[in-house]
Amino acid sequence: MQEGTFKFQCIHCNNKLRASAEFIGARIQCPHCKKPLSIPDPNKVVAVKKPMIDMSTITTSTKIAGPGLKLAGVRR
Ligand SMILES: [Zn+2]
317 MQEGTFKFQC IHCNNKLRAS AEFIGARIQC PHCKKPLSIP DPNKVVAVKK PMIDMSTITT
377 STKIAGPGLK LAGVRR
């Protein structure tokens, strides 16, 4: 493997491209279809998005239900 480079697919023409890690998030022009695209982060797209959605859904629902019920019981 070459150090600091990774492969990704063009979102327009699905051709395989290669970029340096330092260009993650940068806007480039696809050499195949000449359309603009942002270079995706291969690690963040796969690993971060799904857990963050699950966590926020669980924590917000439990935080609202837990303290709210306790306060109502103590004060009355
Ligand atoms: Zn393309």
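If you read the sequence shown in the numbering used here, its first letter stands for residue 317, the second for the next number, and so on.
All residues carry an ideal CB built from backbone N, CA and C; glycine is no exception.
So, under 8 Å CB-CB, residue i and residue j are touching, yes? Tell me the CB distance rounded to an integer number of Å.
| i | j | result |
| --- | --- | --- |
| residue 355 | residue 342 | 5 Å |
Answer yes or no: do residue i and residue j have a C-beta to C-beta separation smaller than 7 Å?
| i | j | result |
| --- | --- | --- |
| residue 333 | residue 322 | no |
| residue 337 | residue 320 | yes |
Can you tell which of the options has its C-alpha closest to the C-alpha of residue i?
| i | options | result |
| --- | --- | --- |
| residue 360 | 340, 329, 319 and 351 | 340 |
| residue 274 | 319, 347, 358 and 320 | The structure shown does not extend to residue 274, since the chain is modelled only from 317 through 392, so no value can be given for it. |
Mind checking whether the beta-carbon of residue i lies closer than 6 Å to any heavy atom of ligand 1?
| i | result |
| --- | --- |
| residue 359 | no |
Within 6 Å of ligand 1: residues by beta-carbon to any heavy atom: 326, 328, 329, 331, 346, 348, 349 and 351
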